[in-house]
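Heads up: the structure comes next, in structure tokens.
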Amino acid sequence: MSKLTAEDIEKRLLSLPEWDYYDDAIHAEFEFENFKDCFSAMSRIAFECEALNHHPDWSNVYNVLNISLTTHSAHGVTEKDFKLAKAIEAIVVPEDED
Ligand SMILES: C[C@H](O)[C@H](O)[C@H]1CNC2=NC(N)=NC(=O)C2=N1
Numbered sequence: 001m002s003k004l005t006a007e008d009i010e011k012r013l014l015s016l017p018e019w020d021y022y023d024d025a026i027h028a029e030f031e032f033e034n035f036k037d038c039f040s041a042m043s044r045i046a047f048e049c050e051a052l053n054h055h056p057d058w059s060n061v062y063n064v065l066n067i068s069l070t071t072h073s074a075h076g077v078t079e080k081d082f083k084l085a086k087a088i089e090a091i092v093v094p095e096d097e098d
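According to the numbering used here, the sequence shown holds residues 1 to 98 in order.
Set out below in structure tokens:
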């Protein structure tokens with residue numbers, strides 16, 4: 001999978017307002033009510049990562065989750081990172097139920 005250009009990345013980030021691009025990766029920070037909610041989201045994200053065979057660089061401190069997505073084999077950001085970012089958004093920011 002080939003590395004996207006900075007221009008392509010910035011364009012795609014318009015639909016991912018929580019995410020920023022720097023250091024050859026896209027990054028987001030999510031804050032939850034407490035550790036339990038944070039770790040629960042991490043567990044659900046982990047299943048998506050396995051399904052997509054694509055894995056984040058991430059860290060957690062109590063209720064805060066920091067995620068960086070990059071494609072190690074491409075030394076930069078690829079479509080795979082955006083696919084995973086969208087899946088993460090669907091987990092951490094559930095749509096309002098009517
Ligand atoms: C063998 C396996 O497909 C690779 O190691 C995958 C797994 N997960 C990965 N995750 C990420 N973020 N980058 C990779 O290049 C990558 N490679």
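Cβ atoms here follow ideal geometry from the backbone N, Cα and C, with glycine treated the same way.
Residue i - DSSP class collapsed to helix/strand/coil
| i | result |
| --- | --- |
| D81 | helix |
| H54 | coil |
| D23 | coil |
| F32 | coil |
| V93 | coil |
| S40 | helix |
| S73 | helix |
Environment of residue i [buried if 16+ CB atoms lie within 10 Å]
| i | result |
| --- | --- |
| D57 | exposed |
| T5 | exposed |
| L52 | exposed |
Of the listed residues the options, nearest to residue i (C-alpha basis)
| i | options | result |
| --- | --- | --- |
| Y21 | S59, P94, I67, A90 | I67 |
| D23 | L69, N63, V93 | L69 |
For residue i, the first and last residue of its enclosing alpha helix (DSSP H)
| i | result |
| --- | --- |
| L14 | Counting along the chain, L14 falls outside any alpha helix (DSSP H), and DSSP gives it neither H nor E. |
Bounding residues of the beta strand (DSSP E) (the contiguous stretch that carries residue i)
| i | result |
| --- | --- |
| N66 | 64-69 |
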